[in-house]
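S.K.:
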Amino acid sequence: MRHTLGRACVGAAALIGSAPAADAHIVASRLGDFYAGALHPLTDLQDLILWIALGVLAGSLGAPKGRWLVLVFPLGLLAGLVLGLTSGGVSAGPVADAGMVVVLGLLLAANVRIPTAPLCATALGLALMRGAANSGDVGSETNRLLFAAGLASAGYAAITLAMAVTLAFRATDADPSIAWRGIAIRAFGSWIAAIGLMMGGFVLAP
Amino acid sequence: MLSRRLSLLNTLVAVLVLTQPALAHEQAGVAGGLSSGLLHPLTGIDHLIAMVAVGIWGAQLGAPAIWVLPITFPLVMAFGGVLGVLRVPLPMPEVAVALSALVLGAAVAIRLRVPFAAAAVVAGLFAIFHGHAHGTELPSAANPLAYGAGFVVATGLLHLRGIAIGTLSRWPAGARLIQGFGVAIAALGCYFLALSLEGAA
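Same order as they appear, the protein sequences are chains C and F.
The first sequence runs 20 to 225 under the numbering used here.
The second sequence runs 5 to 205 under the numbering used here.
1. Report the rounded CA-to-CA distance for residue 114(F) versus residue 165(F), giving the unit in angstroms.
2. Can you tell which of 64(F), 44(F) and 34(F) has the C-alpha that lies nearest to the C-alpha of residue 1(F)?
3. What are the boundary residues of the alpha helix (DSSP H) that includes residue 55(F)?
4. Counting C-beta neighbours from all protein chains within 10 Å, is the total for residue 47(C) 16 or more, i.e. buried, or is it exposed?
5. Could you please tell me which residues of the segment 201–214 of chain C, in chain order, have their CB closer than 7 Å to any CB of chain F?
6. Could one say the Cβ of residue 171(F) lies closer than 9 Å to chain C's Cβ atoms, at least one of them?
7. List, in chain order, every chain C residue whose beta-carbon is nearer than 7 Å to that of residue 47(F).
8. On the three-state DSSP scale, how would you describe residue 26(F)?
9. Roughly how many angstroms separate the alpha carbons of residue 25(F) and residue 61(C), rounded to a whole number?
10. For the alpha helix (DSSP H) holding residue 87(C), just list the boundary residues, first then last.
11. For chain F, check one thing: does any of its Cβ atoms lie closer than 9 Å to the Cβ of residue 92(C)?
12. Compare the C-beta of residue 130(F) with all C-beta atoms of chain C and state if any pair is closer than 9 Å.
13. Extract the residue ranges of the alpha helix (DSSP H) inside the segment 91–140 of chain C, only unbroken runs of 4 or more that lie entirely within it.
14. In terms of alpha-carbon separation, which member of 223(C), 175(C), 81(C) and 102(C) lies closest to residue 154(C)?
15. Comparing the C-beta of residue 133(F) with each C-beta of chain C, is any distance below 9 Å?
16. Which ranges would you report for the beta strand (DSSP E) in the segment 189–219 of chain C if only whole runs of at least 3 residues count?
17. Report the neighbours of residue 134(C) on chain F: residues whose CB is nearer than 8 Å to its CB, in chain order.
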């Protein structure tokens, strides 16, 4: 029985591991632009780093403060996208992105307990910047509504997941046996800030 | 028994037949930059041993060094990296990198106890030179952001590895073993220092 189960597991693992892409032609349907909007930021390292840093920062501040971002961030992305589309692809530029990465990283590393309003303002500013930046690849044939829905959904999912994982990881500060987790989050923040510094250097490099 | 072996053979054949190409050498764009950045601190032995030594020394010194160093070191190193990217010259960077392995290895070997501020200054100074070397050697073909992310993460993980090794100092035998590591790191530092001085001459 055990051998049969083992063989079945090995066979299943082999089939799953070797399975090629499904090519289910979802892009050919009308929902293609939704996935384009959702995947566009997730395939950009700047978006990924900034979004995860913001989510971890919000999670480290606790659920009462962080939960506001579940609403603020996706709406900010939508506003930024609209701003970018109406103003012809205006973008804050890579220096602003690098600066934002450094600020978020330093806030995490220094364990600054910022109030809810500045946190929401930071999230809104970041969302506006990245929403506008993502508007640059919206073509004339792109269904803008679907693209915007995909972008906002990706923002909602990324921020919520990053916050939830951080909250679960940090657990409670009252237990001294897991105090190292707070230090790990701060060390992660310093990595983020270091990456931001490098980004700034690359942008300013001759 | 025979049927079991045949069954295993069938499974292996199926795995081999169904396997997709690995594409293990994709070096373009983000993947290329990330892999270059991740591998850069690991392929330079002088960088690698110095980063591990910082972690071990921090663990030997205990709190607050054990948790302040992992937080501040990447930042200071990135500052050095920016100097390297911007082509700001530093005096004898290769000598300083080799010297860092020698000094940090010796500190681990003799279990050097210094005030935290002094340890932070020493580690920070060497971090600038290590970061500078990484920044200067940035591969032009790779994605720069991915390269930066890769090398920060790799360095941080090396540092954490050093801290993990340093926790062995709780046991007398572990403490001796770590001091042996320190001697080996210092000896390698001597070797790299001789090489760099020879190159500079």
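C-beta atoms are modelled at their ideal positions from N, C-alpha and C, and glycine is treated no differently.
M.R.: Looking at the atomic coordinates:
1. For the purposes of this step, residue 114(F) is identified with residue 110 of the second sequence, where counting begins at 1. For the purposes of this step, residue 165(F) is identified with residue 161 of the second sequence, where counting begins at 1. Rounded to whole angstroms, residue 114(F) to residue 165(F) spans 20 Å at the Cα level.
2. Lying before the first or after the last residue shown, residue 1(F) is absent from chain F, which here runs from 5 to 205.
3. In the second sequence, the residue the question calls residue 55(F) occupies position 51. Run containing residue 55(F): 49–65, per the alpha helix (DSSP H) assignment.
4. Within the first sequence, residue 47(C) is the residue found at index 28, counting from 1. Here the model assigns residue 47(C) a pLDDT of 49, short of 50, so the residue's position is not dependable and the matter cannot be decided.
5. 202, 205, 206, 209, 210, 212, 213 and 214
6. The residue given as residue 171(F) occupies position 167 in the second sequence. Not an interface residue.
7. The residue you call residue 47(F) lines up with position 43 of the second sequence. Near residue 47(F) there are no residues of chain C at all, since even the closest Cβ is about 19 Å away, more than 7 Å.
8. By one-based count along the second sequence, residue 26(F) stands at place 22. Its pLDDT being 44, under 50, residue 26(F) is placed unreliably in this model, and the value from its coordinates should be taken loosely. Of the three classes helix, strand and coil, the one that applies to residue 26(F) here is coil, per DSSP.
9. On the second sequence, residue 25(F) is found 21 positions in, with the first residue counted as 1. On the first sequence, residue 61(C) is found 42 positions in, with the first residue counted as 1. Below a pLDDT of 50, predicted positions are generally treated as unreliable, and residue 25(F), at 45, falls in that range; the measurement from the model is reported next regardless. Computed Cα separation, rounded: 25 Å.
10. Translated into positions along the first sequence, residue 87(C) becomes position 68. Segment: none, residue 87(C) is in no alpha helix (DSSP H) and carries neither H nor E.
11. Position 73 of the first sequence, counted from the first residue, corresponds to residue 92(C). Not an interface residue.
12. Translated into the one-based positions of the second sequence, residue 130(F) becomes position 126. By this cut-off, residue 130(F) is not an interface position.
13. 113–128
14. Here residue 154(C) refers to the residue found at position 135 of the first sequence. Residue 102(C) is the option with its Cα nearest to residue 154(C).
15. In the second sequence, residue 133(F) corresponds to position 129, counting from 1. False, the Cβ-Cβ gap to chain C never drops below 9 Å.
16. none
17. Counted from its first residue, the first sequence places residue 134(C) at position 115. By Cβ distance, chain F contributes nothing, its closest Cβ being about 23 Å from residue 134(C), past 8 Å.
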